[in-house]
Structure formats: C-alpha cells, structure tokens
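Participant: Protein chains in written order, with the numbering used here: chain H, 4 to 457; chain B, 4 to 457; chain G, 4 to 457; chain U, 4 to 457. Note that CB positions come from ideal geometry on N, CA and C, so glycine has one too. Source: prediction; values computed, not measured. Please see the structure below; I have some questions.
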C-alpha cells in the first residue's frame, strides 16, 4: 500500500476538551504530529498575552492545530456522505482531495513562533512565510514526511495555505470567513477563557455546509446559524481579543524587546552569562529557520528573568513588569482627541517616564464580516447561501444583523501610559501632584477628552 | 480602616473556566495575587508532563490557586450563612477566621517550581518547605503583604498549611481528604484534559459540608455525593495522573536532569553560551530562595533546547526526546515478575542502550481514601458524616463502595524501556533481530511475563 | 417572628438543570410553591407546541417560575451586597423590597393555562388578568398565603406584575427588556431544546446590573454582554419560537378547538361519554376561576384522544393530526404575494379540503429591542448603561448591532396548507394531478410567488 | 430500490439536548417515528413521579427512544468502520444486521403506558408484552411499516427485544448490562434532573466497545471507563431513582388507582360526567390494545382533576394529594425493626387515617452489576473485557470497585405514612398529642427504631 493510503489498523484518538476526540486515521497525519516542528507548538500559547487577562487561556497552538484538522476531517466526512462527486466537474466533493486538505489544516499555523504579533513587529519575521518554508524546506521533519507521499506533495499543501490551490473547496475549508481555523479558535478560546461569547452551533454549521462549483456554500436553512457564528466572532473580538489589558501587556513586550535589541548589539555583549543565546541571531538580523525553530514562549520569559538583573534600568523594569503582570493603563481616543496626545505625553515625561518605552498608541480593528470587494488589497471570500432551487444569495443581503456590521471596522484606538499617572502612590503623589492633577483632567469615562476650562 | 478589613469598593472578579467567576473582596487578597511570587505560578503547569498525554492539560498553578481560594470563600460564605457561631466554643463557624483561611488557600502551593516532582528528586528541594519560606521570609513580596495585616499573620497562614493552626475547621478546609485543594484540582484537571471522570457535584458537597467542634463534617443526606467525589478522585488517579505515557516522559526528564547535573560541574563549564545560567546554583547545590523563584517551566525547556546541540550524545538525545515527545514504552510487573527485569535490562544493553538513562522502574500508588489510622506516618483525617441527631459516622462504615477501596493502594509498578525494543525500525531490526525477538517473549498484554518454553 | 420575616432554619433547595440550585430562604416562598395553583404549573408546558418541533422542550412553567424567582433572588443579593441604600431616596437598593420582588417573580406566570396563546384566542381568556385574579381572589391558596404577610400584600404583589408598583427597580426586575423572566426563559428553553442560541452570560449580566433612581441600569463595561443577550434573544425568536412547524401545529390546535366549540353547544351534547366535561364551561362561555384551574395540557389531549372516535370527520381528523403530529406545510408571503392566496385557497378547496379548517394565515413578529417610544401603545423600558461618571446612555446609541435591529420587526408571514398539496400520495396524485401541479407553480424556495408564464 | 434500503436523499436530523443531533438515514426509521403509536410516547414521562422530586425531569419516553436509536446507530457505525466482518462466522460485525438493530432500539419501549410501574401493579398489564404486541399486531401503524420491509421483519424486531434473536451482538446492543438503553437513560435523566451523577464518558465507551463471536466486549484499555459507567449507574439509582419522595408519590398514585378501581365497578357508574371514560376498560378488566394506546399521563391527571370533586373522601383526598404534590413521609426499616410496623400502623389508625390508603411498605432494590449466574431467574450477561492477545476477562475479576458491589443489592425498605404524624398542624396536635408523641419515639435518624424505655 502506498504511504498516502496507509490507514492505521485502528483509528487513533487524541482526547480534546473542545471536540471530545480527535480522530486520526492516516499514518501520514500521525507522523506529521510526531515531528519536532509540530511538537514545538506545545510550547507556544495560542493567545499570547491574553492569558494575562483571562488566566484560563493558557492553551497552545498544538491543540488548535489538531482542532482545525478535526473540523476539516468532519467537513470531508459530511461532504463524502452527502455530496460525493459523480462526474468530474459537477461541483461536488472529490474525496481524493481529503489528504491534502487534512495536511494543510494540520500545518496551517506551523510557522508561528512565540508572541508572533510582537515578535514579527520587532524582528521582521513573517509566520505565513515561515509556515511555507517549514513545509517546503528539505531540512524539516515535516517536509520529509510530506515528501514520502509524493515529491510535489509539500508544494501542494503549501499552495492550499497560500490559497493558490486549484480546488476552491479545499482552500475555503482552511481559509475563508467561516473556515475550520476560525471555527476552532473561537470555540477553543471561549472554552479556555471560560467565556460564552464564542460559542456557536458547530454541528449545525457543519451540517448546512456544502460544496459547490465555486467552493463552499451553506444551505439557506442554516442562515441564522451562520449569522450567529458571525455574531459570536464579533463578540470574541470586542470582548476577548481586543481587551485593553492584554494589548497593554503586548505594548510592554514590544518595548522590552525593542530595548533588548538596542542593547544586545554584536559589539556589546559583555555579560555572556546573561546573554540571550537563542535570541542573538534575531538581534543581529542573521537568523535561519533552524534558529527560529529553537524559540518558544519559555525562551522569551527565561531571558526576561535573566534581564531582571540587568544594569539597564529600563530593560530590567520592563522585564519585571511583563513577568509580574503590571499592565499600563489606557484611554480611548478618536480623530479629534488624538491631537491631545502630545500634551499627555509631555505630562508623562515630566512625571519622570521615558515615553519611548512607557507610552504607546495601539489600534485594534477587525472587520467582523465583509462582502466581496475587489478593490480591497486582500478581498475576502464572501459567505453565500444556497436556496432550494440552487441559486445563491450573499449573506448580508438577507441578514439585517450581518448587514449592520458588514464592512464596518470594530475595535478602538487607545493611548497607553503608566498606571502611576492615574493611581500614584502617596510618595509619587507628593512629588508630582500638579502633574497628575492636570493629567486626570484629560481623562473621562475611559476616553481622552478636551478638559473643561477651569 | 485596618488593612485586614479593607474591602474593595466593588468586588473584583477573575473569569474562570471552572468556577465561572472568582470573587475577590479583600484588598489583601488582591495584593497577594499581584505579587511577583504569585504571578510566577502562571509559568508553572499544574500537571507537568501530563500535558504531553492530554494536550488540553496546559493549565498552570495560577488558576488552581485562585480556584482553591474561591472554593474556600464559598465554604466560608455557606458556614457564615447557615452555621454562625453564637457562643465561643460551640463548634460553629467564627467568621473572624475567614481571612487566614482565604490567604492559606491562595498560597498553599506557592512553593511549587517547574516539574516539582522530578525537580525535587534530582535537586532535593521540597515545595512544602519553600511554601513556608516564601510566606515567612521577609524578602518576599508575599510576606510584605501579609505582614501589613499583623506581624504574626505570616506565621499564622503558614501554620494552616503546616496543619498546626489551632482551628481545625480552617485546617481541614485546605487540607483533608475532601478539601478545597483536591476539589479544585479534580474539577480543573478534568475540565482541561477534557475527560469527565473528575466531575463531581461541587455545589452539593459544599451544601452538605458543615463545621463542628472537631473540624468539618458532612450531613448524612450528602453521603452519596461524598462517595461520588471519592470515586471521581479514584478515576482521575487511575486514568489521568498515573497514565504510563506521562510517567514515561517524567522518567526521561529525570534522567535528562541527572545527566546534566553530572556534566555541569563547577569545574566543567566550557561552553558558557550553552551554560544553563539559572540552573547552575542547583547543579552546584548552592541555591537560595531568590534562585528558586527565577525558575519556571520555560527555563527548563529553554536549556533543553540549547542542550540539543550538546556534544554529549546522551544529553542531546534525552533533551530531544523530551522536547519532541518521544516516550519510552513500559510494561507492568508484580512481585513475581520483578525478578525478570535484570534479564530485560541485559537485552536492552545488548541492543545498544545505556540502561542508566534509558530504563527505569516507576511506581504510581495512591490511597483513594483512608479511615484514620494512628499507625501511619501521615495519618489522614477521615471523613465523618453527621446524622440528624448530631452523632457522627465514618464514611467507609456506611458506604460499601468506599469500604471496598479504603486503605487499598491503587496504581501499578512499571518497567520503562526504549520504544525501539518493541517497534524497531527496519534498519535496527536488521542489526539486532534475535535480541528484539527474545525481548518480546517477555511481554504479553502489557505485562512482563515468564516466557513460555520454546 | 412575623410571617414575612420567617426564615427557614436551613435554606431549602430545588435542584435545577439551569441554575443548579434554587435557594429558598423564606417560609412564605415555600408555602407559595406548595399551593395547588402553583403545583398545577407542573402540568403546563412552557413552550406549548414547540415540543413537537424540538422534542427536548417538554419542560413546564413550574421550573420557569422557580427560575425567575432564583434570578430575582440573585439580583437582590448582588444589589444588597454592592449597592445598599444609605439614605432614603438615594436611588440604591432597599432590601425591605425583597419579599415583594420574590413573590412577584415566583407568581408572574401563575395565570397561564394549557396552550395559552391558542386557548386565549378561542375562549377569550387572558392569562395576565387571571394571574392577578389568582393573587387577589380570596378563594385561592396563593392569596391565603400572601394575606398572612399583610392584608394589602396580595395587591402589592399584583401591582408589581401590573407595573404600577411605585418602586421601579422591583418592577423592572420582573418586567423590562432584560428582566429575570426573559433571562430565565432564554436559558431554559435553550437548555431544553438543546440549541445554543439562547446562551448568554447570565453571571456577567447580573454583575453589571445595578439599581439607580429610575430603576435598573447596567455598568458601561457590560455593554457587550448586554448586546450579546439581545442577540441571543433575537436568535431564539427567529430559530425556535417562530419555527414554522410549531406554528403549524398551533394552527391545527386552533382549528380543532374552534370546531369543538361549534359542536359542543349546550343543545348538542349527545354523547356524554365523549363529552369534554372540564371544557364545557368554556364552550358555554360560563367559566369561573375554579373551572380554569382544573385545566392543564393533559386535559386537552385527553379530550382530543376521545374526539378521535367522533363521528364528525373534521373533529376526529384534526384531533388525530394534532396527537400524531401531522403538521401543515407553509410558505412565506409578503405584501405583494399576499394577493395570490385566494388563488391558492381555491386550489386547496378543489383538492377536497375545507379551507376553514385546513388553511391559515399566521404572522410571527417580535421587536427584538426597542428604544423608548412614547407613541407606542405599550412603550418598552429602554436599556440604559451607566458610564463611570454616573451619566446614562441608551443601548442602541452605542451598539451598532443593537441599533441595526432596534424597532425593526423580526419574523415572517406564512400561509399554511395541507402537506398533501406539495407531497400527495400516489392515489391522491392520480385523482387531482392537475390541481397539485398548478399549486406547485406558486411555491418557490419556500415562498409564494407569481408563477412564470407557461 | 427495496424499502429496507431506502436511504433519505439527505439525512434528517432531530435536535437532541443529550446527543446534539439524532441522525436518521433510513426511510423506515422516519416512518416508524411518524406512527401514531410512537408519537404517543411524547405524552408519557420517562420517569413518572420522579419529576415531582426533580422538577427538571419532565422529559418523555419519546426522546429516550430516539436516543437509544442514536447510540445504536453510532455503535453500528463504529463496528462497521473498525470491525467489519470478512468471513461469515468470524465474529465481526455484519452490517446487514443494522436495520433490525436500529428498529429494535427505536421500538424497545413502545409498549410503555402512563406511570407504567404503578399501572401494571393495579391493572396487571405488562409493557414488554405490549411492546411485542404493538410490533407484531397487524392493526398498528408500527407493524404496517415493518411489514413493508418483509413479512417476517416485525417478528425479527420483536425477537431482538425478547432476546431470542440469533445474533447476540444485536441483542446485547439493546439489552445487556451496558447497552444503548441504559446508556441513554442515564445521560438523559442526569441532564434533565440537573444532577451530575449519571454522567459517564459515552464517547470512550463507544470507542472501546467491539463485537466478538459471543456478542459484545470491551477493549481492556477501557476498563476504567466501563467501571466509571457502573459507578454512575449505581449513583443514579441510589440518588435519583430510589428517592423516597418519588416513591412516596408512587404510593399515593397506587392507592388512588386502587380506590378508583373499587369505586368504578360496572354496577356503580352513577355520575357519567365524572366517569373516567378511557380508564373504564381497565377497571372492568376488559381492555384491548386499542384502549391501551389511548392512554397517556394526561389521561390520568385529567381524571384525577375530576375526582377532586368526588363524594368519596378518600378518592378526592388522594387525587388532591397527587395533583398538589403532598408526599407521605417515610422511615427506613430492616429485618429487625420490621416487627415494629404493626405498632406504628396502629398509632396511625388511632390518629384517624385509613391505613389501607395512607400507609405502605415499599422496597427499592437493584443489582448495580452482576457477573453471570446461571442460577438466577433472569441471569444477566456479564461484562467481558478483551486483552491484547484476544482473551477475555470478566469485569469484576479485575476491578475491585465493581467487585465490591457485584451481586449486592442496593436500595432500602421504607415504611410510608402521613406527614401529619411527624409534623402535625397545631389543631391536629391538640387532638392527638399523645399519639404523635408516641409515634415519634419510634423514629430516629430517618429509621424505625425500638424506642428507649421511658
């Protein structure tokens, strides 16, 4: 039997809190899970600094990747049971696409590193490019497994993730506005944070999902289930992913890495005992895939723990703030109140803070849903519903709820600053009372405002 | 208002997946949570290597400690609502004990470090002693918070954890056979592994729990709920905590640290870039509390990642096996089949493995329940039930189920060895076929057996 | 101790699948639950014909009433813990209002009878008026319990339900757009149908709810939790409460009772054995409260079972259709396609059905949320959120989602007709083929359409 | 295509709170669900009087029957996926048995009537015999559907339920100590009562279940999951099914029907308006299947509501006690204290109660698990586990927990008597004080005791 058809004598399962069991039937899938690169995902938290706001959210990308695989597997099962292709080109499901779909699902996030968003900002890496590199580079175990299927299989799997794979059904299973990736992370993040907002009816969505010639569509009967999913997604964004405390911890992380990068230049590595061995290639801008694969969340915090003892007070203070979870405070602003920020920055400077490292502007925006717009840089696949006579309608044309948020950004702009500006200790207050009093005039109801005349 | 009575203007909550909300009303509690020592628990997994078997079990001791606090808080609420003391010595609940109970609950595990069980085995630390040290040592933030309540308050909190505190109700809330600690970890571990075995009826247990002069007892009506809790506990032990794969990863960890300790002697620290800076004090046997508090799970795996590149092949191989999750295999044995182990060890050696690092004997035993036995080294507080007329009966005298497991150990003894002995690759098989064939004759149905005569 | 202050020696609990435990502390509440009128609610399903679509939805008004009581109790607890009144008129919570609030919560639905909506349509009863009658009429056990508190207590409780009670906080707990009633039924109906749409974050809503001088408001931090509740409510309406199959069974019930009423006139009661003894007062239009309290769901179906044997074929057929769940089919229409209905009715008549009994027009509309509009007949209390400085904002002004559905009706208009028109049996098809073919031209994608020219 | 192979074009689902979705693929199954006899199960509560103790337990036999069908379907799916037969007689699963298994699962309880246990006691019916009658009698819709598969198909389905069907795998799916029936009712009853005791790991049990030549066995790996199921079952019995309040309501029901049967003799039917038309055939002992199928829970309570107005005070009082839920009290007794019951009965009589109708002795016993014992009247199929080498071991030989309860009866014997004996009203107390005082000397801690000498 060829490797790609090698079925386990008895299906293997992984116990999963979200999907109960994850079922593995192919030897290829089991081998991919057992690679070094995939196991590394056990050491990278799915939500980064969010666990500092919602302490339950300590789950890693490992479980999420298994979950995306499992949802994809269930979609394939449903498609094969109810919509198997009969004639090539009939727009129904061709089950010979199953393995490429499952592999792409499992590996779609394999390029993530520790605190990806911040890491990419400081070190100019790109987790999507690294995902493709891990799949296609001959040095990885992942690539070695995939190549056993066929020499061009790694490239096929990569192309699904890059959305250039010809079968749109496979591509949309993994990435579209209602795909296995999003469905898993909403449920998983909701489960682990202990919030209910992300809960939607997965079984029903899977049931109304169906293949057609243009990719994936949904039975019209399931319109409200799809609508409910969009609403859940919206709620997770505004309540969890955009939480100001998590973003504030991300700001600290960003400034901490920035500071370290400035200090650990090739010419300036006096104290080798405190030297962040595994990070140096990134500080120097000379890293390769092997260096990248040695990193995980623990690497970062290990060096932070070392940096606590640094003589650089900014470095040691920011490291302590991150490890001990001392968030910055923040206030919302809009286009108008934005002009007041320099004034605030000025006051913060006067109170003794280096504003480069202790303040930041941070946006969090997301489009909860968008109908197709060819003018966008990254146009999204819109959600289509199939009526009983086979015709399609776009979701926002029949859902007034979805229509209300289509193409509108959610989120806010915030200015971050030291907690001390709002809640000084008594000794601080003594020193800088007029500054604090002035600062507070600009903040009302969590927003930056033009103060009233005295 | 004195610090110990300082109530937050509005109660603060932590969203928790197990208890929904954790409610904080005292400023003292909030300050303790915000200490450096307590925040560090976010970086120490509750179940160590178990997450390598049940991938959902990535939760940390941080959430567990909050959970124990919350259950204790609910017990106090119930006691105060239904059984408030009227006359000193009436055996009912004196609510002035609440703060010491809450602090002890929150801090009972503060001395845990990374992979405690193994770490203690190799480095001869003791998490209980360290817990007491963190609470009573003036250098910690925890101690500084507690001292603000009163100079003797740290010692009082420590004595609850040491079970020497005079009020037995407070002691038994935190440690007895059915205490806030066990109740939280069973529910939390069940939630995160995604298994159902640990689920018991917390609300009902809390409802039937009541204070009496000898400590804590349970209304007789709740007998079956208590029984069900004992059964859940039993199931969690045999199905989760004693899982052979997790124990096998613990064996690898143990051997890896042992090997590193042998290599990184003070005289032998050639390669400083690969030197495990934060672990050195432990290798040297000269660590203090400050050194200990710098460690977490990430420290360990960061050094493991560095060790992958070591020239010592045992060190690098064991590090890779741990990071990439390559468990050993194992077989059960009993007193009789134990004698066959030297023969197996011999074969493993012949197949090219250093048996010091690649084999191990490991027991996992627990007493699911025990009635009081003064002859034991650590006699357990037995579970008593109160009848309507106020008389007490011990649980195992009225529950045939509990009686069936009282004082009986659960668990097994296993011999661990390289997976290759059972499932060699084709190249390995070629080299050592007769050895493998011989080895397999000793293993049947997951047990070591005396092979049949040929 | 006066009756109104009589606290149970130990609180009593009812195990509840939605709220886990329902806690009863007052003797008055326990006595009310034990009245004949309240126990009768065990025999009246909460959702009537919905259980014929979602078979899990067999729960009764008994559990719902306990649930509304429990949520109200928790609101009172939170208000008393965090917002107790200090000075009369300070807009905070006066806990002496607790008992009237709890009684009104428990009794708010006590006047419901079997299949209320249909029953009221045919027999011109009104469950709200009957609720008030049960509370205030000296003949009921409920009234006797309430009168023991004080002579004017029944009237006070009734006035809360009638929304004329002076304390707006108490009134809004029980009836407003986000009250204990709605919160319980959404959660309970979701639990029992097994759908997830009705799930919202009750604990969080309760936490952000607070009293103010104008009634009840919500902390601004909880805006998204409130928004999520509105969305859940919307989903429950469109997916559960307005389900066409349940409405179709309601149509059959309506027509069946209508037919029975026409047959069982005082002059025409030939067959006393089949006579619906307990319904006769309603057929005759001469019923009193006592007659009403003898009815429940079982009364109705018992007579339906008898009517199966009736010589009146419409009566016996409709009874069988109801008992054996043979729903009508339906199609949506709008203002334009409405004009086609007479043509459809004509065809149905030609196919042999009496259209009076076998067809119906049915609307299901609901306002998912409405800001206050003084021009409405029943203006709704709008949802206000309190900002940090104490000022209030109305929900739809800050939530684009809520704004999108504010004041817009959800639901649809449907025309109901016999299933046979769409799916005739082969013998029926033989007889009326051209009629069926013609009929089907008017139906497309579940809507009535103007057929295309042939 | 023959009727038995008729697959629905798209699988139909029923939303179920326990199993999420119930999937129907065969036209035969859908037709069976739509029969009059099956729909009737919607009007018969699964747990009878238990809903008077646990108000959530209002679910009916309809949902349970669907659930048993669904679990059976999943077992078949798993068997077909992992253990399909290759050679006749190889002991693996032959999927041509699927339809008979599914039909038997769906119909196994079709013969249940209202409050079966009590009904059978008074009217000498037998729900198992009626199940067989409904399946095999040509007058039922169920039989008509089954006969379309083949003339002998009804008999085959019946023989599965009667355990005479030759394929033991099919028989044991539906009835054995760990079958689809038990698994569904434990989960469903736990869900609806809102208790957690019945929760066990269904997915894991289904995964370790496998066919063998002797019927059904379980992989040894799943031993603890099976053990946990047995424990859950035990807990449900002792905590839910044997609850004294439910049993007390059953006693009242029994005595009420007994009284009615004595009154409504053929010669004594004065008041036809109050005559229980549908019950008369049972009072007269001359009923047929058609009469039986007209009854449901509502029939009973409708007549009880009528009987409230009866001139017979025992009849009207017992009817009111049942409808208004006024349970009797009870006390446990054992072989020794049994002798005291006549003395208690005497006192009850003296206090004015007719002991025939107001007292009762009631046992509730169940064997939580039994190894096979050929001496028993109804020997149970023991639970076997399959080791890796294919050999079987019986559960209780390897589980000390199961061994502890094997063959031991659980439950208790209780004596039921009027609540007034323990808690007389003040007027009653005045009349009979010495009697009550004497009675209370015999009751301690919920048990009948030999009173202490005065």
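Please say whether residue 148 of chain H and residue 34 of chain H have beta carbons closer to each other than 8 Å?
Facilitator: By 1-based counting over the first chain, the position of residue 34 of chain H is 31. By 1-based counting over the first chain, the position of residue 148 of chain H is 145. In this structure, residue 148 of chain H lies closer than 8 Å to residue 34 of chain H by Cβ.
Participant: Mind pulling the beta strand (DSSP E) runs of 3 or more residues that sit fully within the region 328-392 of chain G?
Facilitator: Correct list: 332-336, 363-369, 387-389.
Participant: For residue 226 of chain B, collect the residues of the same chain with a Cβ closer than 6 Å to its Cβ; drop the 5 residues on either side in sequence, then sort them by chain order.
Facilitator: On the second chain, residue 226 of chain B is found 223 positions in, with the first residue counted as 1. Excluding five sequence positions before and after residue 226 of chain B, the CB atoms of its chain that fall closer than 6 Å to its own CB belong to 388, given in chain order.
Participant: With H, G and I counted as helix, E and B as strand and the rest as coil, what does DSSP make of residue 83 of chain G?
Facilitator: Working through the third chain from its first residue, we reach residue 83 of chain G at position 80. Of the three classes helix, strand and coil, the one that applies to residue 83 of chain G here is helix, per DSSP.
Participant: Below 8 Å CB to CB, which residues in the same chain sit around residue 6 of chain G once its five sequence neighbours on both sides are set aside?
Facilitator: Position 3 of the third chain holds residue 6 of chain G. So the qualifying residues of the chain are 30, 31, 151, 152.
Participant: Whole-angstrom Cβ separation of residue 59 of chain H and residue 217 of chain H, contact assumed at under 8 Å?
Facilitator: On the first chain, position 56 is the one that residue 59 of chain H refers to. On the first chain, position 214 is the one that residue 217 of chain H refers to. Not a contact, Cβ separation roughly 39 Å.
Participant: Do residue 42 of chain U and residue 326 of chain G have their beta-carbon atoms positioned less than 8 Å apart in this structure?
Facilitator: In the third chain, counting from the first residue as 1, residue 326 of chain G sits at position 323. In the fourth chain, counting from the first residue as 1, residue 42 of chain U sits at position 39. Yes. Within cutoff.
Participant: Which residues of the region 11-26 of chain G have a Cβ closer than 8 Å to any Cβ of chain B? Give them in chain order.
Facilitator: 13, 14, 16, 23, 24
Participant: Compare the C-beta of residue 326 of chain H against all C-beta atoms of chain A and say whether one is closer than 8 Å.
Facilitator: Annotation note: the requested chain A is absent from the structure, which comprises protein chains H, B, G and U.
Participant: Given residue 2 of chain G, which residues of its chain have a CB within under 8 Å of its CB, disregarding the five upstream and five downstream residues?
Facilitator: This structure does not reach residue 2 of chain G, given that chain G is present from 4 up to 457, and the question cannot be answered.
Participant: Please check if any C-beta of chain H sits within less than 8 Å of the C-beta of residue 191 of chain U.
Facilitator: Within the fourth chain, residue 191 of chain U is the residue found at index 188, counting from 1. Residue 191 of chain U does not count as touching chain H.
Participant: From residue 128 of chain B to residue 405 of chain B, what distance separates their C-alpha atoms?
Facilitator: Here the question's residue 128 of chain B lines up with position 125 in the second chain. Here the question's residue 405 of chain B lines up with position 402 in the second chain. Cα to Cα, the separation comes out at about 35 Å.
Participant: Check whether the Cβ atoms of residue 257 of chain G and residue 49 of chain G sit closer than 8 Å, and answer yes or no.
Facilitator: On the third chain, residue 257 of chain G is found 254 positions in, with the first residue counted as 1. On the third chain, residue 49 of chain G is found 46 positions in, with the first residue counted as 1. Result no, Cβ atoms of residue 257 of chain G and residue 49 of chain G do not sit closer than 8 Å.
Participant: Given a threshold of 16 other Cβ atoms within 10 Å of its Cβ, counted over all protein chains shown, does residue 228 of chain B qualify as buried or as exposed?
Facilitator: Here residue 228 of chain B corresponds to residue number 225 of the second chain, with the count starting at 1. Residue 228 of chain B comes out buried.
Participant: Taking contact to mean 3 or more Cβ pairs, one atom from each stretch, closer than 8 Å, check whether the region 338-353 of chain B and the region 235-247 of chain B are in contact.
Facilitator: No: the two stretches stay apart, fewer than three of their Cβ pairs being nearer than 8 Å.
Participant: Three-state secondary structure (DSSP) at residue 195 of chain G?
Facilitator: If you number the third chain from 1, residue 195 of chain G lands on position 192. Note: residue 195 of chain G maps to helix in three-state DSSP.
Participant: Distance check for residue 71 of chain H and residue 156 of chain H, CA to CA, integer angstroms please.
Facilitator: By 1-based counting over the first chain, the position of residue 156 of chain H is 153. By 1-based counting over the first chain, the position of residue 71 of chain H is 68. When rounded, the distance between both Cα atoms is 20 Å.
Participant: Between the beta-carbon of residue 451 of chain G and the beta-carbon of residue 356 of chain G, is there less than 8 Å?
Facilitator: Start at 1 with the first residue of the third chain, and residue 451 of chain G comes out as number 448. Start at 1 with the first residue of the third chain, and residue 356 of chain G comes out as number 353. Residue 451 of chain G places its beta carbon 8 Å or farther from that of residue 356 of chain G.
Participant: Closest to residue 118 of chain U by CA distance: which of U:338, U:223, U:184, U:53 is it?
Facilitator: Within the fourth chain, the letter at position 115 stands for residue 118 of chain U. Nearest of U:338, U:223, U:184, U:53 to residue 118 of chain U, Cα basis: U:53.
Participant: Please state the DSSP three-state secondary structure of residue 18 of chain H.
Facilitator: One-based indexing of the first chain puts residue 18 of chain H at position 15. Of the three classes helix, strand and coil, the one that applies to residue 18 of chain H here is strand, per DSSP.
Participant: Does residue 416 of chain B come out as helix, strand or coil in the three-state DSSP assignment?
Facilitator: Within the second chain, residue 416 of chain B is the residue found at index 413, counting from 1. Reduced to three states, the DSSP call for residue 416 of chain B is strand.
Participant: Are the beta-carbon atoms belonging to residue 362 of chain U and residue 419 of chain U less than 8 Å from one another?
Facilitator: For the purposes of this step, residue 362 of chain U is taken as the residue at position 359 of the fourth chain. For the purposes of this step, residue 419 of chain U is taken as the residue at position 416 of the fourth chain. Closer than 8 Å, so yes.
Participant: Out of curiosity, what's the CA-to-CA distance linking residue 189 of chain U and residue 233 of chain U?
Facilitator: The sequence position of residue 189 of chain U within the fourth chain is 186, counting from 1. The sequence position of residue 233 of chain U within the fourth chain is 230, counting from 1. Their Cα atoms are separated by approximately 11 Å.
Participant: From B:15, B:109, B:19, pick the residue whose C-alpha is nearest to that of residue 26 of chain B; which is it?
Facilitator: In the second chain, counting from the first residue as 1, residue 26 of chain B sits at position 23. Out of B:15, B:109, B:19, B:15 has the C-alpha closest to the C-alpha of residue 26 of chain B.
Participant: Please state if the CB of residue 86 of chain B and the CB of residue 207 of chain B are separated by a distance shorter than 8 Å.
Facilitator: By 1-based counting over the second chain, the position of residue 207 of chain B is 204. By 1-based counting over the second chain, the position of residue 86 of chain B is 83. Contact: no.
Participant: Under a three-way DSSP split, which group does residue 129 of chain U fall into?
Facilitator: Within the fourth chain, numbered from 1, the residue matching residue 129 of chain U stands at position 126. If DSSP states are grouped into helix, strand and coil, residue 129 of chain U belongs with coil.
Participant: Taking 8 Å as the CB-CB cut-off, is residue 108 of chain H touching chain G?
Facilitator: As a first step, residue 108 of chain H must be located in the first chain, where it is residue number 105. Answer no: the Cβ-Cβ gap between residue 108 of chain H and chain G never drops below 8 Å.
Participant: Roughly how far, in whole angstroms, is the beta-carbon of residue 203 of chain U from the beta-carbon of residue 414 of chain U, given that I think they are within contact range, below 8 Å?
Facilitator: Counting from one through the fourth chain, the residue named residue 203 of chain U turns up at place 200. Counting from one through the fourth chain, the residue named residue 414 of chain U turns up at place 411. Not quite, the Cβ-Cβ distance comes to about 21 Å (not below 8 Å), so this is no contact.
Participant: Taking its Cβ as the centre, do 16 or more other Cβ atoms sit within 10 Å of residue 132 of chain U, making it buried, or is it exposed?
Facilitator: As a first step, residue 132 of chain U must be located in the fourth chain, where it is residue number 129. The residue is exposed, with fewer than 16 neighbouring Cβ atoms inside 10 Å.
Participant: Run through DSSP, which three-state label would residue 139 of chain B get?
Facilitator: Mapped onto the second chain, residue 139 of chain B falls at position 136. Of the three classes helix, strand and coil, the one that applies to residue 139 of chain B here is helix, per DSSP.
Participant: How do the region 440-454 of chain B and the region 160-177 of chain G stand: do at least 3 beta-carbon pairs fall below 8 Å, yes or no?
Facilitator: no
Participant: Just tell me which of B:369, B:302, B:322 has its CA closest to the CA of residue 310 of chain B.
Facilitator: Position 307 of the second chain, counted from the start, is the residue given in the question as residue 310 of chain B. Out of B:369, B:302, B:322, B:322 has the C-alpha closest to the C-alpha of residue 310 of chain B.
Participant: Counting only Cβ-Cβ distances shorter than 9 Å, please list the residues of the region 124-135 of chain U near chain H, keeping chain order.
Facilitator: none
Participant: At which residue ranges does the region 208-279 of chain U contain complete alpha helix (DSSP H) runs of 4 or more residues, listed in the order of the chain?
Facilitator: 226-239, 247-266
Participant: What residues are listed by DSSP as bridge partners for residue 483 of chain U?
Facilitator: Chain U is shown from 4 up to 457; residue 483 of chain U falls before or after that span and cannot be answered.
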